[in-house]
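Heads up, the thing below is written out as structure tokens.
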Amino acid sequence: MPEIVIAERAGVGADGHPRPTEDHVVVLDNAVLLLDGATSPDPALPPGGWYAERLAQRLADDLGAAPEADLTDLLTSAIAVVTTENALRPQQSPSSTVAAVRWLEDRVEALVLADSPVVGFGDFGVDVVSDDRLARLRRRGMLQTGADVRRRRNAHDGFWVAEADPGAAAHAVRRSWRRTDVDAVVLASDGVSIGVDQYELFDWREVLAITRADGPDAVLDAVRTAEKQDPDGERWPRPKRHDDQALVLIDFASGGIQGLP
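Printed below as a string of structure tokens:
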């Protein structure tokens, strides 16, 4: 088994006040899930963390029952079940990113839906599995209001995320690596990946090195320190001073020969 280390930290709400994290991490016998619930702009809707928790548990249950089933099929089914059980409606429901990593005897697989990246390290170099559709829309100023977000959520001219549309799972970004080629895999919510993509505090190789040397909390600390030095978002515009943070390292190199049991 690979060694798995996790760090999580709650951010603040849009009002700047502390509130429980909406990130959820689940560790299974041969998989890790990281879901980041989106903060809802509509107080009448359940919070994103509520949805992320339920979807994570359903996906974990399904993976436990069928540990080698296709990841896209599992996610499609999990979204459908959570949607039905909670009478959710498309465009009027909470949403969540999904990042999943699974290791089998011959391969390691990754699935990413929305902006929680997975990064593989190994003989192939550094392979960033990311879904940048949401980021592209933000850079183009196309997500200025809640109405903009709802109109472009799970739309072909927008972005795809887990919500009340099971078909969104088919738009996830996938990757598969030979297990013997994999040294480590990192999963991150955007409250951590922003330190690479926007703040440019470090690259992904450095994230891996820091996590191995000092633990994943050291990476979270570096991101929070940068944000405290820019409290009003003048250097790095962002909707919240501090987002929720979750970082997971799956270290195959520490678990024997490339993590093989």
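Residue numbers (full-length UniProt numbering): 1 to 261. Here a beta-carbon is modelled for each residue, glycine too, at the ideal position from N, C-alpha and C.
Residue i in three-state terms, based on DSSP
i, result
"Asp23", "strand"
"Gln11", "Residue identity differs from the one stated: residue 11 is Gly in this sequence, not Gln. If DSSP states are grouped into helix, strand and coil, Gly11 belongs with coil."
"Arg140", "coil"
"Phe96", "With the sequence shown as reference, residue 96 is identified as Ser, and Phe is not the correct amino acid for it. The answer is strand: DSSP assigns Ser96 an E or B state."
"Arg152", "helix"
"Asp115", "coil"
"Leu35", "strand"
"Gln245", "strand"
"Asp131", "coil"
"Glu53", "helix"
"Gly48", "helix"
"Gln258", "Note that Gln258 has pLDDT 35, beneath the 50 cutoff, so the model's placement of it is unreliable and the number below is only indicative. Gln258 falls in the helix class under three-state DSSP."
"Ala110", "strand"
"Gly16", "coil"
"Glu3", "strand"
"Asp70", "coil"
"Asp61", "helix"
Pair within 8 Å by beta-carbon distance, residue i and residue j
i, j, result
"Ala44", "Leu59", "no"
"Val82", "Arg54", "yes"
"Pro90", "Asp165", "yes"
"Ala100", "Val161", "no"
"Ser176", "Glu109", "yes"
"Asp131", "Val119", "no"
"Val129", "Val173", "yes"
"Leu208", "Ser116", "no"
"Ser191", "Gly11", "First, the amino acid is wrong: residue 191 is Gly here, not Ser. A contact, by the Cβ cut-off of 8 Å."
"Arg241", "Gly16", "yes"
"Pro46", "Pro94", "yes"
"Ala7", "Asp217", "yes"
"Leu63", "Leu28", "yes"
"Arg152", "Met142", "yes"
"Ser96", "Ala38", "yes"
"Ile194", "Val219", "no"
"Ala170", "Thr72", "yes"
"Pro239", "Ala14", "yes"
"Asn30", "Arg140", "no"
Rounded Cβ spacing between residue i and residue j (contact assumed at less than 8 Å)
i, j, result
"Val5", "Thr211", "7 Å"
"Glu22", "Ala52", "6 Å"
"Ile250", "Val98", "Not really, about 16 Å apart at Cβ, beyond 8 Å."
"Phe252", "Pro2", "5 Å"
"Leu75", "Leu111", "7 Å"
"Asp244", "Asp36", "7 Å"
Please list the segments of the alpha helix (DSSP H) lying wholly inside the segment 158 to 240, counting only runs of 4 or more residues, in order along the chain. 190 to 197, 204 to 214, 216 to 228
Determine contact between the segment 206 to 225 and the segment 181 to 189, defined as no fewer than three beta-carbon pairs at a distance below 8 Å. yes
The segment 136 to 152 contacting the segment 194 to 206, beta-carbon criterion three pairs below 8 Å: no
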